[in-house]
Amino acid sequence: MKYQKKPVVVEAMVATIENMKEIKEFTGDEGLIYDPSTDTYYIRTLEGNMKITSGDYIIKGVAGEFYPCKPEIFQQTYEVYGEKITTEI
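Given below as structure tokens:
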């Protein structure tokens, strides 16, 4: 049997070193974790803490949960809401 994802609108931000303050505001006080010993940021997800690298999309899911997504996967899975993205060959 095959299944197709239901159309879902999500909020997302691209994580960069420069916008961690905005990511923290987006995810809430408990959503973003910084480990100064490794200079690494993590995001709290339903599956546990996940490392964020620059360029990852931080997605707010349908139940209010947050998770990171690599740019290649995000671009294959999502398009700007209200705009149809077409690829010409």
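Per our numbering, the very first residue in the sequence shown carries number 1; after that it's consecutive.
Beta carbons: idealized from backbone N, C-alpha and C, even for Gly.
- Each of Val-62, Val-80, Lys-51 was checked against the Cα of Lys-70, and the nearest Cα belongs to Lys-51.
- The straight-line gap separating the alpha-carbon atoms of Ile-58 and Thr-27 is approximately 9 Å.
- When the Cα atoms are used, Arg-44 and Pro-7 turn out to be separated by approximately 25 Å.
- Excluding sequence positions up to five before and after Asn-49, its CB lies within less than 8 Å of the CB of Ile-33, Tyr-42, Ile-43, all in the same chain and listed in chain order.
- Annotation: Lys-6 is outside any beta strand (DSSP E) and is labelled neither H nor E by DSSP.
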